[in-house]
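Counting in the working numbering, the sequence shown runs from 67 upward without gaps.
Structure first, then comments.
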Amino acid sequence: MLNAMNRRNFLQLGLTAGAAAVLPRAMSAQSTPAANLAAGPDEAASTPIKTTKLYDNLYLLQGVGGNLALQTGHEGNTLIDASYAPAVPRILEAIAAVSKDAPFLLINTHWHGDHTGGNEALHAAGFTIVAHQNTRTRLSTPQTMKMFHRDVPASPAGALPTITFDVVMNLYYNGDKLDLIHFAPSHTDTDIYIYFHKADVLHLGDIWFNGVYPFIDEGTGGSIGGMIRAAEKALAVAGGATKIIPGHGLLGTKADFQKYRDMLATVRDKVATLKSAGASEHEAVAKKPTAAFDAAWGKGFMSGDQFTGIVYRTL
């Protein structure tokens, strides 16, 4: 655990940092309405970054890959997540448009390549990478994306977080307190949230796919029960005015996130009832337990049937 530290001492704990594996195209999601959730690393270099000011020195950056957040200030810029590697020039352009401050920290919300693919290039630009210790473990060893039957090689040394923590890390920079808190296994076993106290902004990474069914990575510790528990933990942090940044999709509110949590729980209960009654995965999918939600949530890269299968397998 690291608490308030000055910038020099904090950076002295770092060793190296860098880029991560890119997920399959089916895992990509652009931070725009659900109809545009098809872009991937091939589009990252040409897709402009949309910048939205959330607070005096805090911005939401949205392009291809996961949603990013940027805190600016004289103590150095802190960036949350790194998108795909080809997006890095666009990210640096977006940062330069709002800040002349030096790079400082890059915080990874979890290990997936649409959030860590730019690590190596951003480290080369001056950022030191911070993440949960499981993220470093996942990035430094070969992984398997079970749902996509895809083997992901270990990332190069330059891609790895050099500052890691176990349960909680508290940072005090640029006039705000940042809480970095690990979720129990949920989307993966590497997920964290970042809460900016003064700005009242909460970045949830892929605990929240706003407006679409989420991908849950059962191959690296994810489960539907874990996702629901993580959502409940995050809801306890958020207030009515908190701005919540999802891993993918539009900026949301606590009320929006509550609807997402309730959808997860309802689908979980329906699938659990079918499974307990002896239904196979195929039979459970055929019963269409997501039917009531498909119109609202089924317009992304994950269909109701695919989501049902994940829920069934991870109960």
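Each residue gets a CB set at the ideal place from its N, CA and C atoms; glycine is no exception.
Item                                                                                         : Value
Limits of the alpha helix (DSSP H) - the one that G189 falls within                          : A quick correction: the sequence has His, not Gly, at residue 189. Its alpha helix (DSSP H) spans residues 185-190.
Under the three-state DSSP convention, the category F193 falls into                          : coil
Endpoints, the beta strand (DSSP E) within which F262 is located                             : 258-262
Burial state of D257 (16 or more Cβ within 10 Å)                                             : buried
Local conformation of M368 per DSSP, three classes                                           : coil
E349 at chain D interface by Cβ criterion, 8 Å                                               : The chain inventory of the structure shown lacks chain D, comprising one protein chain alone.
Residue from P114, K353, M235, L158 with nearest C-alpha to V130                             : P114
Close beta carbons around Q372, own chain, < 7 Å, minus the five adjacent residues each side : none
Neighbour-count burial assignment, D232, 16 or more Cβ in a 10 Å radius                      : exposed
7 Å CB neighbourhood of P355 in its chain, flanking five on each side removed                : V333, K336, V337, L340, T374
A197 versus A162, F214, N236, R216, residue with shortest Cα-Cα distance                     : N236
With 16 other Cβ atoms within 10 Å as the buried cut-off, status of G277                     : buried
Euclidean distance between Cα positions of K353 and G370                                     : 11 Å
Alpha-carbon to alpha-carbon, E347 and R379                                                  : 8 Å
R202 versus D122: straight-line alpha-carbon distance, rounded                               : 32 Å
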